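Chemist:
Numbering (the numbering used here), first residue to last: 1 to 358.
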């Protein structure tokens, strides 16, 4: 069996384990979206917790339900989408039960979001400093002068040079990396408990991406804010996050400490992601892609949703439900035969050792 041995992913730069004091508790969340093809089960029974000061990575292929999970948490689903059941508990309050008017008082002071493309999220005809200052004025009751002072301080904090001059600039006058720093400043402006990050570094080159990730990590350490970081990039998660949750077909298939999950996966889909992820510190002949395509969320396959693409699938995988099960040590997997992953990881390690000796 070919592929990168799980214990040698040094290029991931794995983050340490953080403190797990629950801040956000998502319980059995279901989101459906009406489409011409039928009802899309975009989020299907997702449960997760985020600790104080903790960064949780939510990973998976495009269409796996990552971004829709964030939008459901924040209450900004598309017009065709709705939460059909479940809870999103923040500071003891179930956000699912709140009206949009009530949610407007929560967004900003309690929870905020950084979007993938800041140019579409920022107001193109409003000066950047005023956009940063808007939250403190609206939610915290700051005067115009105090809010401006707050905005300037945040611009310095996130590394925007010459903030006094850039305060009056418009978004189009900023580079992509600087616009993303503006979005981070806006997200921090009301001191929320948690920030949702929807692939905020995807459109940036690797140098700027690294700067933004280091900035987010520093801000988490300084302020104690929690993050849910959505991405398809495993090295990004390994650099920033303490825990990881892997999504496939609208469901969680594996969760746990980022080191354990990436170095020793317990679900075939996670193993496939690890084997197909580039690692600049390890030389190998080729990446190993995951065969097939993600499932339809209108008519998902019965049993394990990954079974049509899984080399380890047995007859029971095609019919039996696959809820997350807790393993020793607190990890969870939705695989009925997760021992096969252990065998595959061991084979990868042996193959790597043979290549090293030769």
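Even for Gly, the Cβ is constructed at its ideal location relative to N, Cα and C. None of the values given here were measured: they were computed from a predicted structure.
Taking C-alpha atoms, which residue in 200, 104 and 216 lies nearest to residue 158?
Modeler: Nearest Cα to residue 158 within the set 200, 104 and 216: 216.
Chemist: Taking just the CA atoms, how far does residue 93 sit from residue 280?
Modeler: Below a pLDDT of 50, predicted positions are generally treated as unreliable, and residue 280, at 35, falls in that range; the measurement from the model is reported next regardless. Straight-line Cα distance between these residues: approximately 44 Å.
Chemist: Have a look at 298, 166 and 268 and flag the residue whose alpha-carbon is nearest the alpha-carbon of residue 333.
Modeler: Nearest C-alpha to residue 333: 268.
Chemist: Does DSSP classify residue 257 as helix, strand or coil?
Modeler: strand
Chemist: Tell me, please, whether the stretch 248 to 261 touches the stretch 292 to 301 by the rule of three or more beta-carbon pairs shorter than 8 Å.
Modeler: yes
Chemist: What is the rounded straight-line gap between the Cα of residue 282 and the Cα of residue 71?
Modeler: No answer about residue 282 holds up, because its pLDDT of 31 lies below 50 and its placement is not dependable.
Chemist: Relative to the C-alpha of residue 88, which residue among 259, 28, 79 and 189 is closest?
Modeler: 28
Chemist: From residue 284 to residue 353, what does the alpha carbon distance come to, in whole angstroms?
Modeler: The predicted position of residue 284 is uncertain, since its pLDDT is 42 and thus under 50; a value taken from the coordinates is nonetheless stated next. Their backbone Cα atoms lie some 13 Å apart in a straight line.
Chemist: Can you tell me whether residue 245 is buried or exposed, with buried defined as 16 or more other CB within 10 angstroms of its CB?
Modeler: Buried, because 16 or more other Cβ atoms sit within 10 Å of the Cβ of residue 245.
Chemist: Is it buried or exposed for residue 162, if we count other Cβ within 10 angstroms and need 16 for buried?
Modeler: exposed
Chemist: Under the assumption that residue 107 contacts residue 77 (Cβ atoms under 8 Å), give the Cβ distance between them as a whole number of angstroms.
Modeler: With a Cβ gap of about 14 Å, residue 107 and residue 77 do not count as contacting.
Chemist: Across the stretch 196 to 215 and the stretch 33 to 44, are there enough close Cβ pairs to call them in contact, namely three or more that are closer than 8 Å?
Modeler: no
Chemist: State the DSSP-derived secondary structure class of residue 354, mapped to helix, strand or coil.
Modeler: DSSP places residue 354 in helix when its eight states are reduced to three.
Chemist: Which one of 177, 174 and 219 has the shortest CA to CA distance from residue 189?
Modeler: Nearest C-alpha to residue 189 among 177, 174 and 219: 219.
Chemist: How long is the line joining the alpha carbons of residue 221 and residue 185, rounded to whole angstroms?
Modeler: 16 Å
Chemist: Which term fits residue 4, buried or exposed, when burial requires 16 or more other beta carbons within 10 angstroms of its beta carbon?
Modeler: Here the model assigns residue 4 a pLDDT of 35, short of 50, so the residue's position is not dependable, and the following value carries that caveat. Burial call: buried.
Chemist: Helix, strand or coil for residue 102, going by three-state DSSP, please let me know.
Modeler: helix
Chemist: Among 211, 311 and 148, which one has its Cα closest to the Cα of residue 240?
Modeler: 211
Chemist: Give me the Cα-Cα distance between residue 129 and residue 270, rounded to the nearest whole angstrom.
Modeler: 42 Å
Chemist: By how many angstroms is the C-alpha of residue 151 removed from the C-alpha of residue 160?
Modeler: Those two C-alpha atoms are separated by around 11 Å.
Chemist: Does residue 245 come out as helix, strand or coil in the three-state DSSP assignment?
Modeler: Correct three-state label for residue 245: strand.
Chemist: Could you give the DSSP three-state label for residue 47: helix, strand or coil?
Modeler: strand
Chemist: For residue 195 and residue 50, which I take to be in contact (beta-carbon distance under 8 Å), what is that distance rounded to the nearest angstrom?
Modeler: Residue 195 to residue 50, Cβ: 10 Å. No contact.
Chemist: Quick test of the definition: if touching needs 3 or more C-beta pairs under 8 Å, does the stretch 167 to 185 touch the stretch 128 to 147?
Modeler: yes
Chemist: Threshold first: 3 residues or longer. Then list the beta strand (DSSP E) segments lying entirely within the stretch 148 to 210, N to C.
Modeler: 194 to 198
Chemist: How big is the Cα-Cα spacing for residue 111 and residue 228?
Modeler: Note on geometry: alpha-carbon atoms of residue 111 and residue 228 lie some 11 Å from one another.
Chemist: Look at the alpha carbon of residue 337 and the alpha carbon of residue 115, and state the distance between them as a whole number of angstroms.
Modeler: Cα-Cα distance, rounded: 37 Å.
Chemist: Within the same chain, show all residues whose beta-carbon is closer than 6 Å to that of residue 109, passing over the 5 residues directly before and after it, in chain order.
Modeler: 139 and 190
Chemist: Return the Cβ separation of residue 81 and residue 121 in integer angstroms, given the expectation that the two are a contact with Cβ distance under 8 Å.
Modeler: Between residue 121 and residue 81 the Cβ distance is about 19 Å, and since that is not below 8 Å, they are no contact.
Chemist: Determine whether the beta carbon atoms of residue 113 and residue 187 lie at a separation below 8 Å.
Modeler: yes
Chemist: The beta strand (DSSP E) spanning residue 35 covers which residue range?
Modeler: 22 to 35
Chemist: Looking at the structure shown, is residue 316 part of a helix, part of a strand, or coil, going by DSSP?
Modeler: Residue 316 falls in the helix class under three-state DSSP.
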